[in-house]
Amino acid sequence: GGAARDEGQLGELAARTTPALPDPPAAGGLGDLLGATLPLVAALLVLQLTGNWLAALGLLIVGYGLVALLVRRA
Numbered sequence: 004g005g006a007a008r009d010e011g012q013l014g015e016l017a018a019r020t021t022p023a024l025p026d027p028p029a030a031g032g033l034g035d036l037l038g039a040t041l042p043l044v045a046a047l048l049v050l051q052l053t054g055n056w057l058a059a060l061g062l063l064i065v066g067y068g069l070v071a072l073l074v075r076r077a
């Protein structure tokens, strides 16, 4: 029954630490949504302003690369 006891301790720890944090699903969902749309919006804006497909595409790739890095680090 060692594993069950460890699970119980983990559950207690989670219950103790979770209230101190903001609601993870909502915050994560919003962050994911922003991360998914921000590079696209920025690229479309650049395309609209400059008409430069390469610049827009480059910004899109860099933007999603940065989002992926931030998500991986979080």
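In the numbering used here, the protein residues as written are 4 to 77. For every residue, glycine included, the Cβ atom is placed at its ideal position computed from N, Cα and C.
Bounding residues of the alpha helix (DSSP H) (the contiguous stretch that carries residue i)
| i | result |
| --- | --- |
| Gly66 | Trp56 to Arg76 |
CB of residue i within 8 Å of CB of residue j, strictly
| i | j | result |
| --- | --- | --- |
| Pro42 | Leu63 | yes |
| Val49 | Ala58 | yes |
Straight-line Cα distance separating residue j from residue i
| i | j | result |
| --- | --- | --- |
| Val70 | Gln51 | 22 Å |
| Gly66 | Trp56 | 15 Å |
| Leu73 | Gly54 | 29 Å |
| Arg75 | Leu36 | 15 Å |
| Val44 | Gly68 | 15 Å |
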